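> Please read through the structure below; I'll follow up with questions.
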DNA sequence: ACTAAATGTAATTTATATTTGACATTTTGC
DNA sequence: GCAAAATGTCAAATATAAATTACATTTAGT
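Protein chains in written order, with our numbering: chain P, 1 to 64; chain X, 101 to 164.
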């Protein structure tokens with residue numbers, strides 16, 4: 001399942017996948033894969049993404 | 101940094117580490133390590149733990 | 001005190017998250 | 001339409017989450 005909430009939050013900040021990747025310290029492919037939804041990031045990375053996008057864990061990674 | 105919030109939530113349900121591990125489908129050592137704090141579980145596991153303990157991601161894994 | 005269950009911890013192995021490098025396609029601005 | 005930037009995707013390598021096995025210590029019940 002795609003993570004559209006994350007994609008929307010990134011768009012709201014006007015960050016490219018590359019820019020967000022640089023901010024949180026991973027590669028562009030990792031960000032792309034998370035948005036695409038076919039995997040399972042670590043909580044530490046999720047927290048870094050939340051901080052970068054000014055969202056909470058529940059907002060970006062909560063159920064449904 | 102220890103995850104005392106998770107330890108407390110588990111205690112509130114009166115689950116042993118082994119019982120929680122069985123419910124979420126990992127080993128006792130994995131639960132122990134997360135509570136002990138010296139690592140970085142996946143979001144999928146965090147969500148399973150939250151569901152088992154009736155807590156949200158932010159409550160158990162959010163920025164203190 | 002004795003016992004059993006629960007917890008802390010460590011070494012080794014296995015599964016998988018993440019990286020790297022590369023190329024194709026789509027989108028955006030000019 | 002064209003060029004550049006952004007995105008989608010893939011195969012192979014690396015880093016690390018999680019499993020397995022095992023043992024020591026602590027805690028709770030009798």
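All C-beta atoms, glycine included, are put in the ideal place defined by N, C-alpha and C. Keep in mind that this is a model prediction, so the values were computed, not measured.
By the criterion of Cβ-Cβ separation under 8 angstroms, what are the contact partners of residue 82 of chain P in chain X?
The structure shown does not extend to residue 82 of chain P, since chain P is modelled only from 1 to 64, so the question has no answer here.
> Whole angstroms are fine: how far does the CA of residue 163 of chain X sit from the CA of residue 17 of chain P?
For the purposes of this step, residue 17 of chain P is taken as residue 17 along the first chain, with counting starting at 1. For the purposes of this step, residue 163 of chain X is taken as residue 63 along the second chain, with counting starting at 1. Using only the alpha carbons, I get a separation of about 24 angstroms.
> Return helix, strand or coil for residue 127 of chain X, following the three-state DSSP convention.
Translated into positions along the second chain, residue 127 of chain X becomes position 27. Reduced to three states, the DSSP call for residue 127 of chain X is coil.
> What is the residue span of the alpha helix (DSSP H) that residue 59 of chain P lies within?
One-based indexing of the first chain puts residue 59 of chain P at position 59. Its alpha helix (DSSP H) spans residues 57-61.
> From X:125, X:134 and X:119, pick the residue whose C-alpha is nearest to that of residue 148 of chain X; which is it?
Stepping through the second chain from its first residue, residue 148 of chain X is reached at position 48. Residue X:125 is the option with its Cα nearest to residue 148 of chain X.
> Taking 7 angstroms as the CB-CB limit, is residue 53 of chain P close to chain X?
Here residue 53 of chain P corresponds to residue number 53 of the first chain, with the count starting at 1. Judged by the 7 angstroms Cβ criterion, residue 53 of chain P is not in contact with chain X.
> Check the Cβ-Cβ distances between residue 58 of chain P and every residue of chain X, and say whether any is below 7 angstroms.
Within the first chain, residue 58 of chain P is the residue found at index 58, counting from 1. Yes, residue 58 of chain P lies at the interface with chain X (some Cβ there is under 7 angstroms from its Cβ).
> Using a C-beta to C-beta distance shorter than 9 angstroms, which residues of chain X count as neighbours of residue 47 of chain P?
To locate residue 47 of chain P, count along the first chain from 1; it is residue 47. Per Cβ cutoff of 9 angstroms: 161, 162 and 163.
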